[in-house]
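Student:
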Amino acid sequence: MIEIKRADSTHVQGIAEVCAQANRATYGEIYAKEYLEEIIAKYYTPERIAEEVGSPTRAWGGYWVAVEKDRVIGAGGGGMIGDAESEIFALYVSPDRRNEGIGSLLIEAITAQQKEFGAAAQWISVQKGNHKGIPFYEARGFELQGEEEEEHGYLSLRYKRVI
Ligand SMILES: CC(C)(COP(=O)(O)OP(=O)(O)OC[C@H]1O[C@@H](n2cnc3c(N)ncnc32)[C@H](O)[C@@H]1OP(=O)(O)O)[C@@H](O)C(=O)NCCC(=O)NCCS
């Protein structure tokens, strides 16, 4: 049985592992290896995640996890970026568990939380060329709004949907 819940300190290690694995599996062919490892070392260390599983705020609703037999198999979270606009900041499923509906369950839980904060539209940034992420968001009703340049000249795509 897969359970979706707000993460606590017992999930920190599992979140770090899933996010690091999913980042490597997804961006290995898009980003230079050094840049990819820089991102993982910045955002997905147990130390940083431990700080991010605390009490939710409007700006960061905390991590949500998909847990099966005490193992984290997916993680994600987001926050409000305006009065009625929210964003999904991270969403990762264990590479060997993709396309089983886990990402959909996670985004549903995060969306319900953001609606409680008053969100009517939801944004997501996805790396151009991320063929593991883009079809998922398009299937969930997100529509392309434009491109944005990131560090080192990489391009990300801004998607939005009504929620
Ligand atoms: C994106 C991600 C979180 C989605 O989670 P998931 O558990 O694999 O997704 P689900 O099984 O819930 O849903 C898959 C949906 O995407 C659709 N989909 C997936 N791959 C597809 C493809 N190649 N073409 C068309 N549709 C596709 C499926 O049809 C399904 O939609 P449906 O339920 O309406 O049929 C997950 O795949 C992942 O971690 N990817 C790598 C990391 C990543 O890119 N994260 C996003 C960074 S912004």
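In terms of our numbering, the sequence shown has 25 at position 36, counting the first letter as 1, and numbering is strictly consecutive.
For every residue, glycine included, the Cβ atom is placed at its ideal position computed from N, Cα and C.
(1) Please determine, among Asn12, Glu18, Glu41, the residue with the shortest C-alpha to C-alpha distance to Ile28.
(2) Counting only the same chain and skipping the five closest in sequence on each side, list residues whose C-beta sits under 6 angstroms from that of Gly118.
(3) Would you call the CB atoms of Gly43 and Ala73 closer than 7 angstroms?
(4) Beta carbon of Tyr62, beta carbon of Arg86: below 7 angstroms?
(5) Starting from the C-beta of Phe131, find all residues in its chain whose C-beta is less than 7 angstroms away, skip the five residues before and the five after it, and write them out in chain order.
(6) Using the Cα positions of Ser83 and Gly17, report the straight-line distance between them to the nearest angstrom.
(7) Are the CB atoms of Gly65 and Leu80 nearer to each other than 7 angstroms?
(8) Does DSSP put Ile28 in a helix, a strand or coil?
(9) Going along the chain, which residues of its own chain have a beta-carbon closer than 7 angstroms to the beta-carbon of Tyr24, five neighbours each way excluded?
(10) Is the separation between the beta-carbon of Gln102 and that of Gly50 shorter than 7 angstroms?
Tutor: For this structure:
(1) Of Asn12, Glu18, Glu41, the residue nearest in Cα terms is Asn12.
(2) So the qualifying residues of the chain are Ile19.
(3) Going by beta carbons, Gly43 and Ala73 fall outside the 7 angstroms limit.
(4) Reading the sequence as shown, one finds Ile at residue 62 and not Tyr. Taking a C-beta distance under 7 angstroms as the contact criterion, Ile62 and Arg86 qualify as a contact pair.
(5) Excluding positions up to five away in sequence, the list reads Ile113, Tyr148, Lys149, Arg150.
(6) Going by the C-alpha atoms only, they are around 15 angstroms apart.
(7) Yes.
(8) Ile28: helix per DSSP, three-state reduction.
(9) His141, listed in sequence order.
(10) In this structure, Gly50 lies closer than 7 angstroms to Gln102 by Cβ.
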